[in-house]
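Trainee: In our numbering, each number is its position in the sequence shown, counted from 1, plus 8.
Below is the structure I would like to discuss, written out as structure tokens.
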Amino acid sequence: MEIVRKFKGIDLFAFTCCSTIALGVSFLPYVGGDEVRSAWLKVMVAVLPYFLFFFLLKKFSDKYDSYDLFFELKGSIWKWVYGLIVFYFICSTILSITYGLEALTLLTQVYLLPNTDKWMVLLLFMLVSGIGLSYGITAITRFAVALIFVEFILLFSVISLGFSEYFRWIYIPPVWTTDIWTFLESSISDMARYSGVIAVLSFLPYLKKESSVFRPMSYGLLLVTSIYVSICIVVVGTFGFEQTITLISPFTALVQSLSTRTGVVERLDLFFLGVWLIAYYKIMLIQAWFLLFLLQRLFPLKRPKIYLPLSITCLFIIALLIPSFVELIWIPIFANQLVYSFVVPTTLLLFLIMKRKKGVNQSEAS
Numbered sequence: 009m010e011i012v013r014k015f016k017g018i019d020l021f022a023f024t025c026c027s028t029i030a031l032g033v034s035f036l037p038y039v040g041g042d043e044v045r046s047a048w049l050k051v052m053v054a055v056l057p058y059f060l061f062f063f064l065l066k067k068f069s070d071k072y073d074s075y076d077l078f079f080e081l082k083g084s085i086w087k088w089v090y091g092l093i094v095f096y097f098i099c100s101t102i103l104s105i106t107y108g109l110e111a112l113t114l115l116t117q118v119y120l121l122p123n124t125d126k127w128m129v130l131l132l133f134m135l136v137s138g139i140g141l142s143y144g145i146t147a148i149t150r151f152a153v154a155l156i157f158v159e160f161i162l163l164f165s166v167i168s169l170g171f172s173e174y175f176r177w178i179y180i181p182p183v184w185t186t187d188i189w190t191f192l193e194s195s196i197s198d199m200a201r202y203s204g205v206i207a208v209l210s211f212l213p214y215l216k217k218e219s220s221v222f223r224p225m226s227y228g229l230l231l232v233t234s235i236y237v238s239i240c241i242v243v244v245g246t247f248g249f250e251q252t253i254t255l256i257s258p259f260t261a262l263v264q265s266l267s268t269r270t271g272v273v274e275r276l277d278l279f280f281l282g283v284w285l286i287a288y289y290k291i292m293l294i295q296a297w298f299l300l301f302l303l304q305r306l307f308p309l310k311r312p313k314i315y316l317p318l319s320i321t322c323l324f325i326i327a328l329l330i331p332s333f334v335e336l337i338w339i340p341i342f343a344n345q346l347v348y349s350f351v352v353p354t355t356l357l358l359f360l361i362m363k364r365k366k367g368v369n370q371s372e373a374s
């Protein structure tokens, strides 16, 4: 099936931003065994490798007209190696989506529908997601662009919370309670927050050739980073580190503690939870689209729409059977996010960028 290249830089900006914004909104700052008190600084450190990833994508798009990493990879390595690589991406994408579904059901059952069974929450969400996916990449992208203002509303809302009477700047300066290596190790765990940007590999082939690649993706990631940093600063500045680490969702606890003192909007936490649900719906569409893209790359079909019901059903069953995401089983899966979203694609990009085209070799030989 021939790909129609019709998207511009603004579409790539929205796609990049919406691919990775959901989970960090509610679970920042991340609490782990090697956590340090300068969470806002770690979030900024953790994003730097992905700008390198974007730079390599730009170099790749300058060299290959297709902008399709998997298409170019297929003609450059052995078929069985290519199959293993795509299969690894498919499995990792399924696990990534499932992790998000676990977070979705947890917050929904805790804050919105405490008496609703998990399967009912998942079924409704998967059905709505399936309808959105059935319209294809054009509708998904237009939806992301139309609702990009939600991310800006979220950013300005978070910043405004920092002006409350409970906020204390004394909590914000970095407190070095550990060594540099532990700080970097803890920052690596925060890199997983940005792992959703790997989905841009399924969007670039639809981008117009004259459109910019590096800047839209970088601006999108900067917006996500700004939201994450703002949440870290506001939450830690309001609760302090000792109280923050005792909360399941620090940001949700923050907005629950505030009152509008008006009769129009009495529950700010419901507003932010609504924003979170919209954000996760977008990330679900994007990650599921990436999964469909990978399946078509591994097993090309004349009618690839058959992958949609199969994928939705598979994700629903796995999300029901897999343990809660607070179990230890998720630790290696969480670590795999870094390999899947940065190490492997960066290695493949370096290989294709350094690889000399056949046409160039033939011209030089003549």
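Where a beta carbon is used, it is the ideal one built from N, C-alpha and C, also for glycine.
Write down every uninterrupted run of the alpha helix (DSSP H) in the stretch 143 to 190 whose length is 4 residues or greater and which is fully enclosed by it, in chain order.
Mentor: Here the runs fully enclosed are 144 to 154 and 156 to 169.
Trainee: Please state the DSSP three-state secondary structure of L309.
Mentor: Coil, per DSSP.
Trainee: If we ignore side chains and look at the alpha-carbon of each, how far apart do V12 and Y214 end up?
Mentor: Whole-angstrom Cα-Cα distance: 6 Å.
Trainee: Grouping DSSP H, G and I as helix and E and B as strand, with all else coil, what is L121?
Mentor: L121 falls in the coil class under three-state DSSP.
Trainee: Grouping DSSP H, G and I as helix and E and B as strand, with all else coil, what is F211?
Mentor: DSSP places F211 in coil when its eight states are reduced to three.
Trainee: Flag this pair as touching only if the stretch 299 to 317 and the stretch 152 to 166 have three or more C-beta atom pairs under 8 Å; answer yes or no.
Mentor: Taking 8 Å as the limit for Cβ pairs, the verdict is that the stretch 152 to 166 does not touch the stretch 299 to 317.
Trainee: Need the endpoints of the alpha helix (DSSP H) that Y6 sits in, please.
Mentor: A query on residue 6 cannot be resolved here, the shown segment of the chain reaching from 9 to 374 and no further.
Trainee: Give me, in chain order, the residues of the same chain whose beta-carbon lies closer than 6 Å to that of Y179; leave out the 5 immediate sequence neighbours on both sides.
Mentor: So the list reads V244, G245 and G248, once near-sequence residues are dropped.
Trainee: Please name the residue in I330, P331 and A207 whose C-alpha comes closest to that of A296.
Mentor: When only C-alpha atoms are compared, the closest one is A207.
Trainee: L209 and L77 look like a contact to me (Cβ under 8 Å); what is the Cβ gap, rounded to whole Å?
Mentor: Yes, they are in contact, since the Cβ atoms of L209 and L77 sit about 5 Å apart, within 8 Å.
Trainee: Which same chain residues, not among the five before or five after L262, have their C-beta less than 8 Å away from its C-beta?
Mentor: Within the same chain, L262 has close Cβ partners L169, V242, V243, T246 and F247.
Trainee: Please confirm whether D73 and K217 have their CB atoms less than 8 Å apart.
Mentor: Yes, Cβ-Cβ distance for D73 and K217 is below 8 Å.
Trainee: Mind checking which residues open and close the alpha helix (DSSP H) that includes D70?
Mentor: Start and end: A47 to K71.
Trainee: Please confirm whether L25 and V221 have their CB atoms less than 8 Å apart.
Mentor: For clarity, residue 25 is Cys in the given sequence; the question names Leu instead. Taking 8 Å as the Cβ cut-off, C25 and V221 do not qualify as a contacting pair.
Trainee: As a quick exercise: from I320, V347, I102 and A343, pick the residue whose alpha carbon is nearest that of L131.
Mentor: If we check each option's Cα against that of L131, I320 comes out closest.
Trainee: Who are the near neighbours of L316 in its chain, counting only those whose CB is closer than 7 Å to its CB and skipping five residues on each side?
Mentor: Result list for L316: G138, L141, S142 and L300, in chain order.
Trainee: Note down the Cα distance separating I356 from I294, rounded to an integer number of angstroms.
Mentor: Here the sequence assigns Leu to residue 356, which means Ile is not the residue at that position. Straight-line Cα distance between these residues: approximately 22 Å.
Trainee: Terminal residues of the continuous alpha helix (DSSP H) containing A200?
Mentor: Here A200 belongs to no alpha helix (DSSP H), and DSSP marks it neither H nor E.
Trainee: Compute the distance between the beta-carbons of I314 and S27, then report whether it is under 8 Å.
Mentor: Contact flag unset, no.
Trainee: Taking the C-alpha atoms as reference points, what is the distance between V89 and T124?
Mentor: The straight-line gap from Cα to Cα measures roughly 45 Å.
Trainee: Which residue comes first and which comes last in the alpha helix (DSSP H) that contains S84?
Mentor: No alpha helix (DSSP H) contains S84, which DSSP labels as neither H nor E.
Trainee: Cβ of S104 within 8 Å of Cβ of S203?
Mentor: Going by C-beta atoms, S104 is nearer than 8 Å to S203.
Trainee: G40 to I18, Cα distance in whole Å?
Mentor: Confidence is the limiting factor: at G40 the pLDDT is only 47, short of 50, which leaves the residue's position unreliable and the question unanswerable from this model.
Trainee: Just checking my contact of W48 with V283 at CB under 8 Å: how many whole Å lie between their CB atoms?
Mentor: Not a contact, Cβ separation roughly 20 Å.
Trainee: Mind checking whether the beta-carbon of Y143 lies closer than 7 Å to any heavy atom of the ligand GDP?
Mentor: The ligand GDP is absent from the structure shown, which contains no ligands of any kind.
Trainee: Alpha carbons only, please: which of L65, S219 and M52 is nearest the one belonging to L358?
Mentor: Out of L65, S219 and M52, L65 has the C-alpha closest to the C-alpha of L358.
Trainee: For the putative contact between A200 and F61, defined by C-beta atoms under 8 Å, what is the C-beta separation to the nearest angstrom?
Mentor: Going by Cβ atoms, the distance from A200 to F61 rounds to 14 Å, so no, they are not a contact pair.
Trainee: Where do the ends of the alpha helix (DSSP H) carrying F359 lie?
Mentor: First-last of the alpha helix (DSSP H) with F359: V352 to M362.
Trainee: Closer than 7 Å by C-beta to T116: which residues in its own chain qualify, once you throw out the five before and the five after it? Chain order, please.
Mentor: Around T116: V129.
Trainee: Using the C-alpha atoms, what's the distance from L302 back to S100?
Mentor: So the alpha carbons of these two residues sit roughly 11 Å apart.
Trainee: Can you tell me which residues form a DSSP beta bridge with F15?
Mentor: Note: F15 sits in a beta bridge opposite L215.
Trainee: Compute the distance between the beta-carbons of A22 and I156, then report whether it is under 8 Å.
Mentor: Yes.
Trainee: Whole angstroms are fine: how far does the CA of Y288 sit from the CA of A152?
Mentor: A152 and Y288: Cα-Cα distance of roughly 11 Å.
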